[in-house]
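Residue numbers (UniProt numbering): 1 to 305.
Here it is in structure tokens:
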């Protein structure tokens, strides 16, 4: 099981980079030690993979464009493929540990166009109304699915036939989720899928140009929207303005640079598109509660210890 202490993006698509051991078996079991993330949240991101998770300890708030759900210890859930989402720990006063099964839908489908894909996989992964599924241990049927998710983490990669066993376990979980989702599959929103693609395109533009001056007009033009539509799409999907998202991404990048490099604070501010050290320090402190130097000391001392 891989230990995860932050998010990395793929070059080009800007999806989350998932460190599969081999592309021939696109599955990853990971343990997210959320208190070790430089920020108390994982920023807005997406990935083509399905995300099944179990909260081992602590609590986590999940945000998607149309949902906001809290997952306490003992609960579990699923994030659908290509769904924008972010998470935030409820408190750092306790350990926040999340166990995740992350896998490409083709792991279960076998191949594109297969009967399994057509009948059981595509109906869910193409349903824009299914963003996030919550499973509570207080509901007997859901508790049984939670146990399937949790127990699958006990399978050892050293066991003969591990790949067969993990795919079998995920298939059992999937059919249970498929049955739970049946009532939701009757409604589809093509308009929502188009808007989702637009906001992802603008996020990619920010990720590629954050060090430069970015106007809302330029951002909207990158995906052929008006400025008004740009504001509406950001508000509906990410619940923030385009300017807020640009600032947030710059702060995230600055946090990573301060925690992982020895670059002077002035250079970090310029590299992240926030200009001189005075303005950078003001904006950074408003967002994190620390000056850039305090933040660097906090996280570099932690990594050393």
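Even glycine gets a Cβ: it sits at the ideal position worked out from N, Cα and C. If you're wondering where the values come from, they're calculated on a predicted model, not measured in any experiment.
Which class does residue i belong to by DSSP, given the choice of helix, strand or coil?
i           : result
residue 175 : helix
residue 31  : strand
residue 47  : coil
residue 98  : strand
residue 128 : coil
residue 203 : helix
residue 57  : strand
residue 209 : helix
residue 19  : coil
residue 85  : strand
residue 225 : coil
Following a CB-centred definition, is residue i positioned closer than 7 Å to any heavy atom of the ligand FMN?
i           : result
residue 220 : Judged by which ligands are present, the structure shown has none, so any question about the ligand FMN falls away.
Counting only the same chain and skipping the five closest in sequence on each side, list residues whose C-beta sits under 6 Å from that of residue i.
i           : result
residue 291 : 281 and 285
residue 272 : 250, 253 and 254
residue 52  : 78, 101 and 149
residue 314 : Because the chain is modelled from 1 through 305, residue 314 falls outside the range shown and cannot be assessed.
Judging by CA-CA distance, which residue of the options is the nearest neighbour of residue i?
i           : options               : result
residue 241 : 251, 250 and 230      : 230
residue 71  : 224, 84, 81 and 96    : 96
residue 180 : 224, 207, 123 and 289 : 123
residue 212 : 30, 98, 274 and 153   : 274
residue 297 : 22, 261, 81 and 91    : 261
residue 325 : 199, 23 and 235       : No information on residue 325 is available, as it lies outside the stretch 1 to 305 that the chain covers here.
residue 319 : 112, 41, 49 and 239   : Since the first residue of the chain shown is 1 and the last is 305, residue 319 is not available in this structure.
residue 59  : 44, 268, 82 and 90    : 90
residue 86  : 248, 56 and 267       : 248
residue 126 : 168, 141, 50 and 74   : 50
Checking 8 Å against the spacing of the C-beta atoms, do residue i and residue j come in under that value?
i           : j           : result
residue 47  : residue 18  : yes
residue 146 : residue 101 : no
residue 170 : residue 108 : yes
residue 133 : residue 177 : yes
residue 155 : residue 76  : no
residue 166 : residue 27  : yes
residue 25  : residue 159 : no
residue 82  : residue 130 : no
residue 236 : residue 43  : no
Using the beta-carbon count (16 or more within 10 Å), is residue i buried or exposed?
i           : result
residue 62  : buried
residue 183 : exposed
residue 186 : exposed
residue 67  : exposed
residue 196 : buried
residue 104 : buried
residue 288 : buried
residue 112 : exposed
residue 279 : exposed
residue 269 : buried
For residue i, I'd like the list of residues in its chain whose CB is within less than 7 Å of its CB, leaving aside the five on either flank, ordered along the chain.
i           : result
residue 143 : 137
residue 38  : 6, 255, 256, 259 and 299
residue 293 : 265
residue 227 : 216, 217 and 220
residue 121 : 105, 108 and 109
Among residues of its own chain, excluding the 5 on either side of residue i, which ones have a beta-carbon nearer than 8 Å to its beta-carbon?
i           : result
residue 153 : 1, 29, 54, 99 and 101
residue 172 : 148
residue 94  : 57 and 58
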